[in-house]
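Trainee: Got a structure here, written out as structure tokens. Questions coming.
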DNA sequence: ATCAAATATCGTAATATTACTATATAACAA
DNA sequence: TTGTTATATAGTAATATTACGATATTTGAT
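Protein chains in written order, with UniProt numbering: chain V, 1 to 108; chain R, 1 to 108.
Structure below.
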């Protein structure tokens, strides 16, 4: 075993899980926060910013991109990465929904 | 290699990553959604609800609890698990913040 | 054409996760 | 006590992730 049984869950559940998983690493959170900080969508001087090797950063960027959390567009030799607002909105909605549901519940 | 370099990131970054990671599995999303659905905080008839063995569910519950996403209190033979609103609020705030920051940015 | 800069990909070692079976523990009921 | 129910833990196989060095690839400059 060891493989996740994705086929037993709904598409929505898998989608949220994939996005959350992509955020489930401090380096990827740091990348997101860096992209936010530099306002303009600067590419990989992220390598200078984080204590990780270039191939590792590249791998993390790929996962963020696959999950739809960032977008990247070619800009000469470099690539301009930036936040994909849509996906973050989806997350915010999802959690807002959870909270408003919980608000009406009494438990433990 | 293989171990995450947590010590290079801020406490906040690690905390968000830990919470996100806990949500990064469809079974755990399904557990959260089930807890929301049953309103009252019913314990592990989750085992009947999901296509996973009891110890696997127990393991997933433990991770959700460690991340602070759910709370569990002993109720006789069983344990009453329920959503921990606080942590979800934290997430919602975090993403709301990201969105309002991105809203002012132009990129790619 | 040649070189440098920016990224991506390959291969791989170390470690973590997922899921299971078997077994333990804890609380209540008969 | 004995059994039953609910849950947790231990051990383990299969697989995934993380990180890196080495090596492509791609584009722009000289």
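Even glycine gets a Cβ: it sits at the ideal position worked out from N, Cα and C. All figures in this text were calculated on a predicted structure; none of them were measured in a lab.
#1: Counting Cβ pairs closer than 8 Å, one from the segment 48-61 of chain V and one from the segment 32-52 of chain R, do we hit at least three?
#2: Taking residue 53/V as the query, report the chain R residues whose CB atoms sit under 7 Å from its CB, ordered along the chain.
#3: From which residue to which residue does the beta strand (DSSP E) around residue 5/V run?
#4: As a quick exercise: from 98/R, 97/R, 68/R, 76/R, pick the residue whose alpha carbon is nearest that of residue 85/R.
#5: Judging by CA-CA distance, which residue of 107/V, 29/V, 12/V is the nearest neighbour of residue 4/R?
#6: Run through the UniProt domain "HTH arsR-type" (8-106) of chain R for me and flag every whole alpha helix (DSSP H) of 4 or more residues, listed as ranges in chain order.
#7: For the structure I just gave you, are there three or more beta carbon pairs, one from the segment 62-79 of chain V and one from the segment 19-26 of chain R, closer than 8 Å?
#8: Along chain V, which residues have their Cβ under 8 Å away from the Cβ of residue 102/R?
#9: When the cut-off is 9 Å and only beta carbons count, does residue 60/R lie next to chain V?
Mentor: So, to answer that:
#1: Touching, no, given that fewer than three Cβ pairs across the two stretches are closer than 8 Å.
#2: To locate residue 53/V, count along the first chain from 1; it is residue 53. Going along chain R, no residue has its Cβ under 7 Å from residue 53/V, so there is no contact; the nearest lies around 10 Å.
#3: As a working mapping, residue 5/V is identified with position 5 in the first chain. It is not in any beta strand (DSSP E) - residue 5/V carries neither H nor E in the DSSP assignment.
#4: Locating residue 85/R in the second chain gives position 85, counting from the first residue. Answer by Cα proximity: 68/R.
#5: Start at 1 with the first residue of the second chain, and residue 4/R comes out as number 4. Selected option, being the one with the closest Cα: 29/V.
#6: You should have 11-22, 26-37, 46-49, 54-66, 85-102.
#7: Contact fails: fewer than three Cβ-Cβ distances are below 8 Å.
#8: Locating residue 102/R in the second chain gives position 102, counting from the first residue. Per Cβ cutoff of 8 Å: 36, 83, 85, 88.
#9: In the second chain, counting from the first residue as 1, residue 60/R sits at position 60. Residue-level contact by beta carbon fails for residue 60/R and chain V, as no gap is shorter than 9 Å.
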